[in-house]
């Protein structure tokens, strides 16, 4: 159980560091597919074998990756 909390704390701290930096641009999304989306799509496809679910989980990206890490066996 503590491994899950450490993983969640690590993700939150990295997220704050990434989103708090100002690059001089007001654009949040630039272009391309992020690493979180790719990981989420691969995990979703491996688990569900459904393109619709893979697209949906790719949109939620890191949220689905964290959910998978916390709920897998």
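In mature numbering (1 follows the signal peptide of the UniProt record, and there is no 0), the protein residues as written are -20 to -1, 1 to 53.
Yeah, the Cβ is synthetic: ideal placement off N, Cα and C, and Gly gets one too.
Remember, predicted model here, so these are calculated numbers, not experimental data.
Residue closest to residue 18, alpha-carbon to alpha-carbon, out of 49, 40 and -18: In the chain shown, counting from the first residue as 1, residue 18 sits at position 38. Comparing Cα positions, the closest option is 40.
In terms of residues, what are the limits of the alpha helix (DSSP H) holding residue 38? Counted from its first residue, the chain shown places residue 38 at position 58. Element bounds for residue 38: 31 to 40.
How far does the alpha helix (DSSP H) with residue 62 in it extend, from its first residue to its last? Absent from the structure is residue 62, since the part of the chain shown begins at -20 and ends at 53.
Around the Cβ of residue 13, are there at least 16 other Cβ atoms within 10 angstroms (buried) or fewer (exposed)? Indexing the chain shown from 1 puts residue 13 at position 33. The residue in question, residue 13, is exposed, as its Cβ has fewer than 16 Cβ neighbours within 10 Å.
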